[in-house]
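**Q**
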Amino acid sequence: MKKLFSKLGVIGLLSFLLLSFTQMGIANEVFDITKETVLVAEQDVLVLAEAVEEAPTLNSGDTAWMIVATILVIVMAIPGLALFYGGLVRSKNMLSVLMQVFVTFSLMSVLWVIYGYSVAFSDGSGTPWGQMIAGGFGAAFLNGITPDSVSGTIPEYVFVTFQLTFAALTPALIVGGFAERIKFSGMLLFMAGWFTIVYLPICHMVWGGGLIAEMGAIDFAGGTVVHINAGIAALVLALLIGPRIGFGKEAMPPHNMPMTMIGASLLWAGWFGFNVGSELAADGTAGAVMINTQVATAAAVLGWLLIESLQKGKASMLGGASGAIAGLVAITPACAVVGPMGAIILGFVASLFAYWACTSLKKVIGYDDSLDVFGIHGVAGIVGALGLAILMSPTFGGVGFDEGMSVASQFIIQAKSVGITIVWCAIATFVLYKIVNSVVGMRVSVESERTGLDTTSHGETAYNS
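Read in order, the letters of the sequence shown are residues 828 to 1292 in the working numbering.
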């Protein structure tokens, strides 16, 4: 700014001299030299002014909001997701699920700071193709980031922490796929590997300027990165690890529905940090994301309960909670590009597909996805990622398409992004499971499973009489 004011002073002085010389009849040669100097100085000022405008500027309002949004996402995971899952399992396994979510969230947080942020969001992987898949290690251990570093209008440390919550929550979602039968040590080793070879590359491809971003795919807050990713991993693991003892032969009802309801409510509230926070600013788009998130979720609750009532004659609390999560998942990739009416349609339709996946599809394939991670997160995530291509049309109140794009062309791009995520995640999850299972084993013994993981894995019980 000092340089800018100095240049302005020079221009003013030279302009005054130019006017004086002209009035005094000074030689044309002096006039031309002075005029040229003024023009050069003016160009320098314009360059400096543009540099000042382009330089990242910290915005205290955006920063305050992003700190709150980050805390909201943490509340989504612990206690939100932990309580949601904890209430759905049998009482003998409740603490094991709480522990798996809690410790996974903690482990991923540390790995994110050590190398995760660098691989997901930095360049320098060595080759152009490599940069399309993953970043490098130049920012490992947060190298080069200081309290003065700015990302957009917020401190880079805040951005790092916000993205950390996504990276820590996604593997925690997978816990629901193998609940009540997973070995704790195997789970931790698997999660560390999955974070490294699945989450980080997909995150870079979508949000780090990689392959999927270059295609023009839209994923505002994590439809592919978080939900399809976690859903496919849960399905693959459920198929590989096998069903729980007695699955399909004996009842395995949720042991505490009020706890699940509390967890679902915390997830709903915390999701505003997840979706609205992804705008990285407190602006008009953030407001649009907020209303879209709310109405999509509400519509999904109604949609799930409607089809459940038609099929079973009753609307259940579990159905309402499941519908809410399905709606939240579906609107996640689309919340910044659809309008409120489009959000209602998307949430309602996603709940129907998720209900079908959790009931009919699950029976046809015969997998034991304990807490329906694939049916809710995977299927609703796919519906959201594909559906946004239709509902972002101005016909439905959406923001419209970029020049040269249409519903069909955007849908094809979205389908490709979903396909890449599914294939990458499925293959990597399969290979990683085989490796970890051969090293430490992934499933507990029959005796431990029958007794309950709270006692056999952690030496505690959730409820003491």
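Backbone N, C-alpha and C define an ideal beta-carbon position, used for all residues, glycine too.
Quick caveat, the model's predicted, so the values are computed rather than measured.
If you pair each beta-carbon of the stretch 1083-1094 with each one of the stretch 1234-1253, do three or more pairs fall below 8 Å?
**A** With a cut-off of 8 Å, the stretch 1234-1253 and the stretch 1083-1094 do not count as touching, because too few Cβ pairs lie within range.
**Q** Below 6 Å CB to CB, which residues in the same chain sit around Ala-935 once its five sequence neighbours on both sides are set aside?
**A** Numbered from 1 along the sequence shown, position 108 holds the residue referred to as residue 935. For the record, residue 935 in the displayed sequence is Met; it is not Ala. Same-chain partners within the cutoff: Ala-994, Ala-995, Pro-998 and Phe-1022.
**Q** Report the option in Phe-1223, Ser-933 and Met-893 whose CA atom is closest to the CA atom of Ile-905.
**A** One-based indexing of the sequence shown puts residue 905 at position 78. Out of Phe-1223, Ser-933 and Met-893, Ser-933 has the C-alpha closest to the C-alpha of Ile-905.
**Q** What residue from His-1054, Asn-1102, Met-1018 and Arg-1008 has the CA that sits closest to Arg-1071's CA?
**A** Here the question's residue 1071 lines up with position 244 in the sequence shown. Among His-1054, Asn-1102, Met-1018 and Arg-1008, the Cα nearest to that of Arg-1071 belongs to Arg-1008.
**Q** Can you list, in chain order, the residues of its chain whose CB lies under 8 Å from that of Met-1219, leaving out five sequence neighbours each side?
**A** For the purposes of this step, residue 1219 is identified with residue 392 of the sequence shown, where counting begins at 1. Once the five neighbours on either side are set aside, the close Cβ partners of Met-1219 are Ile-1045, Ala-1161, Val-1164, Val-1165, Gly-1169, Gly-1225, Val-1226, Gly-1227, Phe-1228 and Gln-1237.
**Q** In this structure, does DSSP put Val-1164 in helix, strand or coil?
**A** Taking the first residue of the sequence shown as position 1, residue 1164 is located at position 337. Coil.
**Q** Which word fits Arg-1277, buried or exposed, when buried means at least 16 other C-beta atoms lie within 10 angstroms of its C-beta?
**A** Numbered from its first residue, the sequence shown carries residue 1277 at position 450. That one is exposed.
**Q** Below 8 Å on the Cβ atoms is my contact criterion, and I expect Ile-981 with Asp-889 to pass it. Report the Cβ-Cβ distance as a whole number of Å.
**A** As a first step, residue 981 is located in the sequence shown; it is residue number 154 there, counting from the start. As a first step, residue 889 is located in the sequence shown; it is residue number 62 there, counting from the start. Contact between Ile-981 and Asp-889 is confirmed by a C-beta separation of about 5 Å, below the 8 Å threshold.
**Q** Decide if Ala-891 is buried, meaning its Cβ has at least 16 other Cβ atoms within 10 Å, or exposed.
**A** For the purposes of this step, residue 891 is identified with residue 64 of the sequence shown, where counting begins at 1. Exposed.
**Q** Are Val-1156 and Gly-1208 close, meaning C-beta to C-beta below 7 Å?
**A** In the sequence shown, the residue the question calls residue 1156 occupies position 329. In the sequence shown, the residue the question calls residue 1208 occupies position 381. In this structure, Gly-1208 lies closer than 7 Å to Val-1156 by Cβ.
**Q** Threshold first: 4 residues or longer. Then list the alpha helix (DSSP H) segments lying entirely within the stretch 1098-1168, N to C.
**A** 1111-1139 and 1144-1158
**Q** Val-977 by DSSP, collapsed to three states: which one?
**A** Taking the first residue of the sequence shown as 1, we reach residue 977 at position 150. Looking at Val-977 - three-state DSSP - the assignment turns out to be strand.
**Q** Which same chain residues, not among the five before or five after Phe-1011, have their C-beta less than 6 Å away from its C-beta?
**A** Counted from its first residue, the sequence shown places residue 1011 at position 184. Result list for Phe-1011: Ser-1284, in chain order.
**Q** Beta-carbon within less than 7 Å of Ala-1148's beta-carbon, same chain only, minus the 5 sequence neighbours each way: which residues are those?
**A** Taking the first residue of the sequence shown as 1, we reach residue 1148 at position 321. Around Ala-1148: Thr-1087, Met-1088 and Ala-1091.
**Q** Whole-angstrom Cβ separation of Ile-1118 and Pro-1167, contact assumed at under 8 Å?
**A** As a working mapping, residue 1118 is identified with position 291 in the sequence shown. As a working mapping, residue 1167 is identified with position 340 in the sequence shown. Rounded, the Cβ-Cβ distance is 5 Å, consistent with contact.
**Q** With Leu-1173 and Ala-1115 assumed to form a contact (beta carbons below 8 Å), what rounded beta-carbon distance in angstroms separates them?
**A** Against the sequence shown, residue 1173 aligns to sequence position 346. Against the sequence shown, residue 1115 aligns to sequence position 288. Their Cβ separation, rounded to whole angstroms, is 14 Å, which puts Leu-1173 and Ala-1115 out of contact at 8 Å.
**Q** Looking at the unbroken alpha helix (DSSP H) that takes in Val-1273, where does it start and where does it end?
**A** Indexing the sequence shown from 1 puts residue 1273 at position 446. Taken as a continuous stretch (DSSP letters only), the alpha helix (DSSP H) holding Val-1273 covers 1273-1278.
**Q** Give me, in chain order, the residues of the same chain whose beta-carbon lies closer than 8 Å to that of Gly-1150; leave out the 5 immediate sequence neighbours on both sides.
**A** Locating residue 1150 in the sequence shown gives position 323, where the first residue counts as 1. Cβ within range, chain order: Ala-1127, Val-1128, Leu-1129, Gly-1130, Trp-1131, Leu-1132, Ser-1178, Ala-1181 and Tyr-1182.
**Q** Can you check DSSP and say which residues form a bridge with Ile-1009?
**A** The residue you call residue 1009 lines up with position 182 of the sequence shown. For Ile-1009, the beta-bridge partners assigned by DSSP are Arg-1270.
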